[in-house]
Every structure is written in C-alpha cells, then in structure tokens.
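So the sequences go chain by chain: A and B. So for the first sequence, my numbering puts the first residue at 1; every next one is plus one. So for the second sequence, my numbering puts the first residue at 363; every next one is plus one. Virtual Cβ for every residue (Gly too), placed ideally from N, Cα, C.
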Amino acid sequence: MESLKFVRKPKRPLPQNNRITDQRTLDAKEINPNAEQPSQAATRLIVSSSPHFLNTESVPKIMHNVVTALLPATAASVYFFGWRALLLIIVCVVACLATEYAFQKIRKQPIKIHDGSAIITGMLLAMTLPAGFPIFGAILGSVFAIGVGKQLFGGLGYNIFNPALLGRAFLMATYPVLTTTWVWPRTMEKAIDAVTAATPLVMAKFEGKFDVPIMDMFIGNTAGSLGETSAIAIILGGLYLRYKGYINWKLPLGYLGTIAVFSAIFWYVNPAKYPSPLFHLFAGGAMLGAWFMVTDMVTSPVTSLGQWIFVIVAGILAVVIRLFGGLPEGVMYSILFMNAFVPLLNKHTRPKVFGEVKAQKG
Amino acid sequence: MGHKTFARGVHPSYYKELTAGKRVEAAALPKTVTIPLQQHAGAPCEPLVKKGDLVTEGQKIGDVKAFVSAPVHSSISGKVKDIELSQHPGGFRSLSIIIEGDGTAKEWGGPAKDLSSISVDALKDSIREAGIVGMGGAAFPTSVKLAPPKGKAIEAVILNGCECEPYLTADHRIMLEEPEKVVWGLRALMKTLAAPKGFVGIEENKPDAIEALRKAIGSSTDIQIIILEAKYPQGAEKMLIVAATGKKVPVGKLPLDVGVVVNNVGTAAAIFEAVNWGKPLIERIVTVSGNGVKEPRNLKVRVGTSFEEVLSQCGGLVEGGEVEVLNGGPMMGIAQPTLSVPVIKGTSGITVIAASVIKSSVYEACIRCASCVSVCPMALMPYKLGDFGKAFRTGEFKDWDGLSCIECGCCSYVCPSKRPLLQWIRLGKLKVRQEAQKAAAAK
Numbered sequence: 001m002e003s004l005k006f007v008r009k010p011k012r013p014l015p016q017n018n019r020i021t022d023q024r025t026l027d028a029k030e031i032n033p034n035a036e037q038p039s040q041a042a043t044r045l046i047v048s049s050s051p052h053f054l055n056t057e058s059v060p061k062i063m064h065n066v067v068t069a070l071l072p073a074t075a076a077s078v079y080f081f082g083w084r085a086l087l088l089i090i091v092c093v094v095a096c097l098a099t100e101y102a103f104q105k106i107r108k109q110p111i112k113i114h115d116g117s118a119i120i121t122g123m124l125l126a127m128t129l130p131a132g133f134p135i136f137g138a139i140l141g142s143v144f145a146i147g148v149g150k151q152l153f154g155g156l157g158y159n160i161f162n163p164a165l166l167g168r169a170f171l172m173a174t175y176p177v178l179t180t181t182w183v184w185p186r187t188m189e190k191a192i193d194a195v196t197a198a199t200p201l202v203m204a205k206f207e208g209k210f211d212v213p214i215m216d217m218f219i220g221n222t223a224g225s226l227g228e229t230s231a232i233a234i235i236l237g238g239l240y241l242r243y244k245g246y247i248n249w250k251l252p253l254g255y256l257g258t259i260a261v262f263s264a265i266f267w268y269v270n271p272a273k274y275p276s277p278l279f280h281l282f283a284g285g286a287m288l289g290a291w292f293m294v295t296d297m298v299t300s301p302v303t304s305l306g307q308w309i310f311v312i313v314a315g316i317l318a319v320v321i322r323l324f325g326g327l328p329e330g331v332m333y334s335i336l337f338m339n340a341f342v343p344l345l346n347k348h349t350r351p352k353v354f355g356e357v358k359a360q361k362g
Numbered sequence: 363m364g365h366k367t368f369a370r371g372v373h374p375s376y377y378k379e380l381t382a383g384k385r386v387e388a389a390a391l392p393k394t395v396t397i398p399l400q401q402h403a404g405a406p407c408e409p410l411v412k413k414g415d416l417v418t419e420g421q422k423i424g425d426v427k428a429f430v431s432a433p434v435h436s437s438i439s440g441k442v443k444d445i446e447l448s449q450h451p452g453g454f455r456s457l458s459i460i461i462e463g464d465g466t467a468k469e470w471g472g473p474a475k476d477l478s479s480i481s482v483d484a485l486k487d488s489i490r491e492a493g494i495v496g497m498g499g500a501a502f503p504t505s506v507k508l509a510p511p512k513g514k515a516i517e518a519v520i521l522n523g524c525e526c527e528p529y530l531t532a533d534h535r536i537m538l539e540e541p542e543k544v545v546w547g548l549r550a551l552m553k554t555l556a557a558p559k560g561f562v563g564i565e566e567n568k569p570d571a572i573e574a575l576r577k578a579i580g581s582s583t584d585i586q587i588i589i590l591e592a593k594y595p596q597g598a599e600k601m602l603i604v605a606a607t608g609k610k611v612p613v614g615k616l617p618l619d620v621g622v623v624v625n626n627v628g629t630a631a632a633i634f635e636a637v638n639w640g641k642p643l644i645e646r647i648v649t650v651s652g653n654g655v656k657e658p659r660n661l662k663v664r665v666g667t668s669f670e671e672v673l674s675q676c677g678g679l680v681e682g683g684e685v686e687v688l689n690g691g692p693m694m695g696i697a698q699p700t701l702s703v704p705v706i707k708g709t710s711g712i713t714v715i716a717a718s719v720i721k722s723s724v725y726e727a728c729i730r731c732a733s734c735v736s737v738c739p740m741a742l743m744p745y746k747l748g749d750f751g752k753a754f755r756t757g758e759f760k761d762w763d764g765l766s767c768i769e770c771g772c773c774s775y776v777c778p779s780k781r782p783l784l785q786w787i788r789l790g791k792l793k794v795r796q797e798a799q800k801a802a803a804a805k
C-alpha cells in the first residue's frame, strides 16, 4: 500500500549537545496518515530503544557521595592543623570550580560544575598539601589540575591521570621546598619550639628513624599533608563509599595489601633498616591514595584482572620509591605511573566472553 | 540468596505485585483482528485465504514450506476483510490478514490424552500444524527446536519459568493456574526429543507457582524444579542453561550443542492444548501492567487483537503526558508508535510506562565506573562496544566480541552517565550485518 509510507516530521532543532536524537515522539497520524486519531489523543506515545528502565545512579550522585566521604578527613585536617587547613581546602575547591567553569565556557560546552567532580579534585589536591602552603601556590595547582589534568583532555571521563595528583606533581616540581615544608599539628607539644617539622616518612628516609608511635599515625597526630595524616578519618570515608557501592574493594585493599606484603619482606630481612608494614600503611599518602585516588573511576581499569595488576604494580612501586628512590613518598608517582597504563590494561585484560571456545592451536 | 544463578546481571525493581495476584481473565471477543503473517523468527508465511473468504476460528490462514517457520491461524470466525501491510509490534511492517468477526466463539476443551498412546511423529506434526512458537518473546518456531540434527542427543528439556522481566506475570499465572498443562507439555517435549530429564527453572520470588508445579509433578522423578535467584536476565536462554545445568553454550552454538532444549512454560501449555484439543496457538496470556495503565490485569487475549482494545479493557492509559507502550517488559520490550498494533504469539505483556520515569534523553561522558562491565552476563565490555558501535568501527566491534551481545540491556540499565549503550551496540551489530551483506553481494 503506497499510501502507508512512513512520513517524517521536519527535523526538530537539536537541543543541547549529547541528546539522543532518534528518540522522538510519533503521532498515530504520522505512522498511518489514514488512521483515525486514537481515543487517547491526549496521551502521547514515546518511542525509544530498550531498556526502558534505568536505575537511579547518576554521575553527580556518585561525585557528591565521594565529597561526603571526604568530610571526615576534612574535619580531621581542621582539627589537627587549624583553620588554615580549611582555608586551603576552600581555596582549592573554589579555584578548581572556577577553572572548570572557565574552560567549559571557552569550549562552549554545557556548564557542568555542579556535578561535583571539580570539588573532589579541589579537596583531594588540598589534602596533599602541607598546612602552611601559600594560597597563591594552591590556586596555581588547582588551575593546573583542572586545566591541564582534566579539561585539556576533554573534561570529566577523558582524563588519563588523576587530576588532583597531577596538580600535586606540578606543585612538587614548581615548589619543591614549599611542598615539603610541613608544620606540626597543633595537637602536638613539639609545636612550641619547632618551626618546621618532619613527616614520619622524611624521618625514616633521611634520619633512619621510624619510631613515631603507630597509634599517632593512625589518629593523625603527626606532621604531614592536610588529609594524609589521619588514617582513621580516611578509612571511615572509604568504608562509606564501599557501603554505597561506589568503590570496588579490590582497589584499596589490593593496593594497601601489596604495600604491606612487599614492605614486610624488607622488614623481615632487616627490621633495623626498614620500617614495618604498619608504618608504611599509616605513613604519608598511602591511605588517602588507596581509598580516594586508586579508586578514581576514570583513571583506574575496568576489568577485574586489570584492577589487580594496577594495584599490585602501584603498591610495589610505592614501596620501592619510598625505600630506594630519592623521595620519601612514592604513593603519588606510583599511582600516576599506573594511570598511564590503564587503557592498555583495559585492552589486554578483557574477561573471557561467556561460552568462549578455547583458541585452537596453530 | 543461595539459589542457583549465573554470573553478573542486575536486580531491577520487579513491580510484579501489580498483577501477580490477579487471575487470568478472558478478554472480550474482538470485532476485528489483524493477524501478521510473520509472528515468528524465520520465513514469513504466505496467505492461504483471499479477501472475502469466510474463515472459522482456528483455521490455518497462512503457511510456508520453509523449515524455520510456523503457520498462522485465524483467532476468530468471520470474513477476511483485507490483506495488507500493517504496523507490527516488532517495530516493522508486515503483511497481515485482517478478519472481521461474526461474533461467535468456539469452545475448546477435552480430556488429556495418554502420552504413550501418541507417536512422536504425531506429536511433532500437531506442534508444527498448531503454529507453536516460543512464547517468552523471541517466538522461535518450536518445531525447529524439536528437530535436532542427527547424532545430537538431547539430555534435558528445560522449561523457562523465570520471567525475569519486571512487571510481567503471564508465566507466573500459567504455572499457578494450569500446572497440569505445563507438566503434560513438558513430558510431550521430552518424549519427542527422547530426553530423559526435564527441568523447570523458576525464580524464587514465585513460591506459589513452585508449589503448584510440585503438586502437578507429584512423586515422579523425571522432572525436577530448579529454584533460581530472582535476577535479570535469568530467563535468557544461555543464563538459564548455565544456572540449571552448569553448562555454558559456546559462542556461536545453540543450546542443543550442549544437549539441552529450552522452552517457555507458556509454550508447554500451548502444546497441551494443541495436542489434546486440536487448538492452534490463537490465544495467549498477556500481562497488561505498568504505571501508565489504570487497572493492570492478566488477560487471555486472542492473537490479532489490537493493543488499543486490550488496553481499553484495563481502564486505558493514564491521561495526558507521555507514555511508552511496550510489546514485552521494560528491559527488552519494543516501544510502539501506535496502539493499532496487534497482540502476536510472542506478546508476553503490554507494559505501559509513564515517560516521566522512563529516562532522561541526555547522557554524560563515560566515567569508566566499570558498572557495565561488572553486570554484563556475557562478560563483554559494553562501554567500549557502545563507542565502537556509535562510530561504526565494525572491525573493533567484532574484535571485542560485540556480536555475542544478547541485548539484555543490563549495561544501559546501570550506566550512571545514562549512556544508551545497548542502542549503540545494536547499531554496531546492524552495521556489521550490513557490511557482511554487502561483501556477500560483491562476490
């Protein structure tokens, strides 16, 4: 029947980018011009591809949960390092949001600063800085983190490296002294007569001393970057994320487990020269890295095997840098280094397809 | 928990309580029916009647010689009004026979025959002639499943009573209300295939159906009920087989390659009616549900009844706004552009979903959260396949096993960025198919 040809409406102007353009409303008349209008003319029929049911997860929801999970560590940093810590965090967050806004505006992209991802970058970057870090430097680091680390790659989802860590690496290269000039937490008595402080890792590296009580490191009562010192606060946030199902247990536990096992080997051989696994776990950025940076969805592998390789190699690297490298801390570089391998890992660790036949020899 | 299942998958809200407790009621006799000549996977039928012919209920009106096919029958008595192209619930146009009814309905019924008195050939013949197809949705001709190549021994027949699609309760009701028919049909299938074992796979959320079937099976040990975890897509053929028997159907192979044939519970009941009553597949249970329909019901509907007529017996659509009317459930159902489409043999449900809760049409960038990878029952990497499909990168699409996709939609369901992954994967599959056709034509 010739008269039953499918008649297409003139194309509607495309609203916003990223719209599914072939989901459109069809009237009965459009399908069959001869048909009478259906009795329920007021109800319009939508045609779209299945599934017609989606769950309620969304990118902003995930990101805002991560922000929530960072709150205990934020509170701990303010408790130990005072209002100066809060100021740094706020500056970093605002600078990250502003950079994101500016880039999206310049690139004529929809403004999506409300999705919360820039807030996370700002918070995480601030947490890797010493409490006495200059405000200008913090702003510079934030602009680099979002600008070069994220937006130059195409924005959320396209970045190869964890933006916060990239910002921190940039600041390390730019201000090597300032980024390693720590102050004592105000809760410590030593603070009275010492201007600059040494972190447990610095003492272990350059003075061969690792007698900081583990309990102090667990609570956060040591020198260090804002959010790194209090292991308990970070773990609390990490467990919240795990409870919400936003992180895979493999990533943090695999990373920490590798650090523990690998450092235990050295400790077992020579406990006088090498610090204990517990020291490694609670010192420096290991906890923050394990719960909030290794688990960054965008920059970690998606396959199970890939995730294992990612965390194990990163864990070994972190310990190797700490013990044998020129730097006291290796968490940052271990994660950044492995970030670069994620696309390769994803490609070469694909799971076996259901029912895949064993490859024939020859 | 603790029940058998497959790896991965998702747990959507089921909303089965809307209709699970409602008895199947007969729908009103339709005045006209539109019977598509293609209601099954395979070759379409050719019409056996012409305009103006008188037909009776159950009369064969379309058939074709092809092996993979099933005849179609008139679901009412009356006169052939026209034979024309009309919209098919599968989303295309199909030649259909339109019959105007005379208002009379035939009574079907009769006692259950003794299976041992019927020959295998007679069974096969009745099943083919009755136009029986898989009633879970895919509508694969049952006669084809009953003719495995020589040398392939079938060890077990599995009946699919999972019904893992949200909203649908047609299979649930048939197991609850007509368990004897289901069991008889399963034994008939076992006999035709010379299979020693029969299984019925049911999700644990239907304890009353499990109980009813247990009673119908009685003390005999040839049939075993397998209770499965309520998880989507448990009812997918390969997922059901691995859960029930532990066997994985190899890529590119059929269930019979692992000695198994799977049929829907509704199909088994239809086989009972075909063999004992001589009633072809002209009527089926349809669950009408969803938040866009006023009175959700389970209805016994004649094939060819328009969606509009069925929906009007369920209070109609909610007024105003936008809805999706689906042939099937919300995970795999096909959205209909018009309500004039007919119910066909594979219509297990008509789900109406108010558009406000369907989905936003805006999607975000992939954040590689790995959700899609962790739920794909086929262990594929949907986020990559989606990108390949969208960009027509067919080589990579094939390399990453895109053709193994069973289109269950778990990936799109879980995506936090709301990316229409399955839609893009379908695009990729289509493109691969087109390229293969082009290559074949060039030779």
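Spell out whether any CB of chain B is found under 9 Å from the CB atom of residue 62(A).
yes
Which of helix, strand or coil DSSP assigns to residue 488(B):
helix
Beta-carbon neighbours of residue 715(B), restricted to chain A and to distances below 8 Å
52, 53
List, in chain order, every chain B residue whose beta-carbon is nearer than 9 Å to that of residue 265(A).
Neighbours of residue 265(A) in chain B, taken as residues at a C-beta separation under 9 Å, are lacking, since the least C-beta distance is about 31 Å.
Proximity to residue 251(A) [Cα-Cα], best of 287(A), 321(A), 184(A):
287(A)
Determine the direct distance from the alpha carbon of residue 100(A) to that of residue 147(A), and round the result to whole angstroms.
Each residue's alpha carbon lies about 7 Å from the other.
Local conformation of residue 736(B) per DSSP, three classes:
helix
On the premise that residue 411(B) lies in contact with residue 437(B), defined as a C-beta separation below 8 Å, what is that separation, rounded to the nearest angstrom?
14 Å between Cβ atoms; not a contact.
Excluding the 5 residues preceding and the 5 following residue 350(A) in the sequence, name in chain order all residues of the same chain whose CB lies nearer than 8 Å to its CB.
303
With a 10 Å radius around its C-beta and 16 neighbouring C-beta atoms as the bar for buried, classify residue 124(A) as buried or exposed.
buried
Contained alpha helix (DSSP H) runs [length at least 4] in the stretch 569-595 of chain B, N- to C-terminal order:
569-579
With a cut-off of 9 Å, does the C-beta of residue 248(A) fall near any C-beta of chain B?
So, interface residue.
Quick check on residue 43(A) - is its C-beta less than 9 Å from some C-beta in chain B?
yes
Between residue 69(A) and residue 78(A), how many whole angstroms is the CB-CB distance? I'm expecting something under 8 Å.
Contact flag wrong, Cβ pair sits at about 16 Å.
Counting only Cβ pairs nearer than 7 Å, list the residues of chain A close to residue 785(B).
49
Assign residue 761(B) to buried or exposed, taking buried as 16 or more other Cβ atoms, counted over all protein chains shown, within 10 Å of its Cβ.
exposed
In this structure, does DSSP put residue 435(B) in helix, strand or coil?
strand
Could you round the C-beta distance between residue 608(B) and residue 584(B) to whole angstroms and report it? I think they count as a contact, below 8 Å.
Incorrect: roughly 20 Å between the Cβ atoms, too far for contact.
Residue 336(A) versus residue 63(A) - alpha carbon distance
21 Å
At the level of alpha carbons, what is the spacing between residue 643(B) and residue 241(A)?
52 Å
Buried or exposed for residue 368(B), going by 16 or more other Cβ atoms inside 10 Å?
buried
What are the complete alpha helix (DSSP H) segments, minimum 4 residues, inside the stretch 367-398 of chain B?
none
In angstroms with no decimal places, state the Cα-to-Cα distance between residue 81(A) and residue 756(B).
56 Å
Separation of residue 137(A) from residue 171(A), as counted between CA atoms
7 Å
Does any C-beta atom of chain B lie closer than 9 Å to the C-beta of residue 354(A)?
yes
Which same chain residues, not among the five before or five after residue 71(A), have their C-beta less than 8 Å away from its C-beta?
Cβ neighbours of residue 71(A) beyond the five flanking positions: 237.
With a threshold of 9 Å between beta carbons, is residue 225(A) in contact with chain B?
Residue 225(A) is outside the set of residues whose beta carbon lies under 9 Å from a beta carbon in chain B.
Neighbour list for residue 511(B) in chain A, Cβ cutoff strictly below 8 Å:
None at all; the shortest Cβ gap to chain A is about 19 Å.
What is the rounded straight-line gap between the Cα of residue 659(B) and the Cα of residue 331(A)?
Computed Cα separation, rounded: 60 Å.
So, is residue 31(A) buried or exposed, given that buried needs 16 or more other C-beta atoms within 10 angstroms?
Because residue 31(A) carries a pLDDT of 46, less than 50, the predicted location of this residue cannot be relied on, and the following value inherits that uncertainty. Buried, because 16 or more other Cβ atoms sit within 10 Å of the Cβ of residue 31(A).
Option in 313(A), 278(A), 107(A), 131(A) with minimal Cα separation from residue 294(A):
Distance check between residue 294(A) and each of 313(A), 278(A), 107(A), 131(A) places 313(A) closest, using alpha-carbon atoms only.
Any C-beta of chain B within less than 8 Å: which residues of the stretch 57-85 of chain A qualify?
Correct list: 57, 58, 59, 61, 62.
Within a Cβ cutoff of 8 Å, which residues of the same chain sit near residue 23(A), ignoring the five residues on either side of it in sequence?
Because residue 23(A) sits at a pLDDT of 41, beneath the cut-off of 50, its placement in the model cannot be relied upon, and the following sentence gives the value as read from the coordinates. Same-chain partners within the cutoff: 46, 47, 48, 49.
Residue 388(B) vs residue 661(B) beta-carbon contact at 9 Å
Pairing residue 388(B) with residue 661(B) gives a Cβ-Cβ distance under 9 Å.
Would a check of beta-carbon distances place residue 774(B) closer than 9 Å to chain A?
yes
At what residue ranges does the stretch 659-689 of chain B contain a whole run of the alpha helix (DSSP H), taking only runs of 4 or more?
669-674
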